[in-house]
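Residue numbers (our numbering), protein chains in the order written: chain F, 1 to 239; chain E, 1001 to 1239. See below for the structure under consideration.
2 protein chains.
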Amino acid sequence: MSTLARKKREFAQREELILETAQRLMLKVGYLGVTMDLIAKEIEYSKGTIYQHFSSKEEILLALALQFNRKQAEFFQRAAMFSGKSRERVIALAEAYELFVRLYPDHFKTELLILNESIRAKGSIELRRQLEACEQQSMSIVSGVVRDGLAQGDFEGVPGISPEEIVFGIWTGAFGAYVLMSSDAPLTALGIQDPMKALRVSIHAVLDGFGWRPFSSEWDYQKTRERVKKEIFPKETIL
Amino acid sequence: MSTLARKKREFAQREELILETAQRLMLKVGYLGVTMDLIAKEIEYSKGTIYQHFSSKEEILLALALQFNRKQAEFFQRAAMFSGKSRERVIALAEAYELFVRLYPDHFKTELLILNESIRAKGSIELRRQLEACEQQSMSIVSGVVRDGLAQGDFEGVPGISPEEIVFGIWTGAFGAYVLMSSDAPLTALGIQDPMKALRVSIHAVLDGFGWRPFSSEWDYQKTRERVKKEIFPKETIL
DNA sequence: GACAAAATTTGACGAATAGTTAAAATGCGT
DNA sequence: ACGCATTTTAACTATTCGTCAAATTTTGTC
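As structure tokens, then:
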């Protein structure tokens, strides 16, 4: 029976339409400004139909966040495959993160909201579970690179600190930076002209500080970045 | 006329009561669960009275965030006065931040919400302006220490990167870490047992990486931390 | 202490919005 | 073309924000 397949496809398409529309509206009128009636009007279906797909407004948020997180994990996955020294692979991951932020600048706005327990809790258990699984996947990809670095003797690690905790230190730096960049915090007023550049410099400082070889002074990581863009993300890189 | 003074005092007291209650409720039932009626019931005044003080629920949020930010700036101010080498003063700032987070673990929950444009925009221009001024004050305190470090020749800086951008790199690391810690992100499930420790290690890595002397290998910064606690925050440190 | 004016507090009310559901519309197989 | 099943709709309920006219309390005066 092909009708069933078609129905399923149509259902999935409409779900995508809802998500796209919600995201677009979120950008335009903000979280508080997006109402179910507005989404309904925009997609030219009634509100009841939306509730066939999502149990609440926050469930839509969570679904959006999951989409973004899946994409992010995919970017990390690809970046981790980069062939080179372990520190180069870390740079590939950083580049993947930066690229992801450039392509989906709205991601952190969604992320900010769902980091709030009260908002996250309104989503279904199922979605929350999937989201956590996705976060874990990203973490294991990145900490895998750290483990490789340790195994290959490119750096020594820190006694009493796990690879995950080293990742935590680097990651939160990038995470915090992107959160602030995508919020309306007035960065330029604070004297920060190029936060992306500041972040890249600071990541190299951490890696140098951890003693991760080759040091930034003895290797051309700019070249590495360009190789990453060319070899891993040729399509995503828009110059 | 003493009645006027009394009135003013009572008004200020009630404003404080509203803020305290809102914060307590926020912790208990979350942002979405806090309603104006609930606050009114809790403070045993009617809703209309709350609107004498705050024009909306989000204005209360912003007022809370401002209180926290003021306290934070005060902590930084005190930490920056620490007498010692410039890198020790950075550690004093980091310690101030950590102490602040321990004392006011709810701050980042509020911060997460008001980082959202849509929510922040609902507050009054006046409060938003004050909040920005406060952020700027903190930034100038911290970047002042970085400038001192440069002036005293304790590190060389990075060509093309301003002191503020160096601060940005360190700060966002701490900020991101605390945001994740105070959200319900499942950190232990990700293999991170002691995020505070991980953060401290990572901050030293950044400073080492920036070539900020004395390096963590040639100075006992644990002792510095204890001095900071004893000399700057004797009352706030609860062991 | 009594009274009027001023200031404050109240809670009922209108508006907006989330989420529900019975009824209408549409689609499908025969 | 008909009847059954599924989908969509829009009216409905419930909740909550923010307002405002009326009630209450406080203040100043005689």
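Even glycine gets a Cβ: it sits at the ideal position worked out from N, Cα and C. All figures in this text were calculated on a predicted structure; none of them were measured in a lab.
Below-9 Å beta-carbon distance, residue i vs any chain E residue
i: L107 of chain F; result: At residue 107 of chain F the sequence reads His, which differs from the Leu that was named. Answer no: the Cβ-Cβ gap between H107 of chain F and chain E never drops below 9 Å.
i: L32 of chain F; result: yes
i: W171 of chain F; result: yes
i: M139 of chain F; result: yes
i: L25 of chain F; result: no
i: A189 of chain F; result: yes
i: G153 of chain F; result: no
i: G176 of chain F; result: yes
i: K197 of chain F; result: yes
i: F11 of chain F; result: no
i: L160 of chain F; result: Going by the sequence as given, residue 160 of chain F is Gly instead of Leu. Chain E contact via Cβ: present.
i: Q72 of chain F; result: no
Own chain partners of residue i with C-beta closer than 6 Å, once the 5 adjacent residues on each side are dropped
i: Q152 of chain F; result: S86
i: A73 of chain F; result: C134, Q137, S138
i: L1099 of chain E; result: F1233, E1236
i: I1119 of chain E; result: E1058, L1113
i: G945 of chain E; result: Any answer about residue 945 of chain E is impossible in this case: the structure gives chain E only from 1001 up to 1239.
Min CB distance residue i to chain F below 9 Å
i: V1206 of chain E; result: yes
i: E1164 of chain E; result: yes
i: K1041 of chain E; result: no
i: D1220 of chain E; result: no
i: V1029 of chain E; result: yes
i: M1001 of chain E; result: Legend: pLDDT at M1001 of chain E = 47, less than 50; position of this residue unreliable, value from coordinates given subsequently. M1001 of chain E does not count as touching chain F.
i: F1068 of chain E; result: no
i: D1184 of chain E; result: yes
i: F1210 of chain E; result: yes
Other residues of its chain near residue i: CB distance less than 7 Å, five sequence neighbours each side excluded
i: Q1266 of chain E; result: As shown, chain E starts at 1001 and ends at 1239. That puts residue 1266 of chain E outside it, with no answer to give.
i: T1110 of chain E; result: L1061, L1064, A1065, F1068
i: V1285 of chain E; result: Within the shown structure, residues of chain E are numbered from 1001 to 1239, placing residue 1285 of chain E beyond reach of any answer.
i: F1215 of chain E; result: D1208
i: I192 of chain F; result: A198
Distance cut-off 8 Å: residue i Cβ against heavy atoms of the ligand SAH
i: L1038 of chain E; result: With respect to small molecules bound, the structure shown includes none, and the ligand SAH cannot be examined in it.
Cβ-based neighbour list, residue i, same chain, cut-off 8 Å, excluding 5 preceding and 5 following
i: Y1104 of chain E; result: F1068, K1071
i: L38 of chain F; result: L25, V29
Chain E contacts from the stretch 117-135 of chain F (Cβ-Cβ distance under 9 Å)
In summary, the residues of the stretch 117-135 of chain F whose CB is separated from some CB of chain E by less than 9 Å are E117, S118, I119, R120, A121, K122, E132, E135, in the order they occur in the chain.
Three-pair Cβ contact test at 8 Å for the stretch 1004-1019 of chain E versus the stretch 217-227 of chain F
No, because fewer than three Cβ pairs between the stretch 1004-1019 of chain E and the stretch 217-227 of chain F fall closer than 8 Å, the two stretches do not touch.
Relative to chain E, which residues along the stretch 45-61 of chain F have a C-beta separation below 9 Å, given in chain order?
Residues of the stretch 45-61 of chain F with a C-beta less than 9 Å from any C-beta of chain E: E58, listed in chain order.
Quick one: any contact between the stretch 1065-1080 of chain E and the stretch 1091-1100 of chain E, if contact means 3 or more CB pairs under 8 Å?
Enough Cβ pairs lie closer than 8 Å, so yes.
Along the stretch 1077-1104 of chain E, what residues have a CB closer than 7 Å to any CB found in chain F?
Cβ contacts with chain F come from no residue of the stretch 1077-1104 of chain E.
Indicate whether the contact test is met: 3 or more Cβ pairs, each with one atom in the stretch 1047-1061 of chain E and one in the stretch 1194-1210 of chain E, closer than 8 Å.
No: fewer than three Cβ pairs fall under 8 Å.
With three or more beta-carbon pairs closer than 8 Å as the criterion, would you say the stretch 165-177 of chain F touches the stretch 1171-1183 of chain E?
The stretch 165-177 of chain F vs the stretch 1171-1183 of chain E: in contact.
Quick one: any contact between the stretch 117-132 of chain F and the stretch 1159-1166 of chain E, if contact means 3 or more CB pairs under 8 Å?
Cβ pair count under 8 Å is below three, so no.
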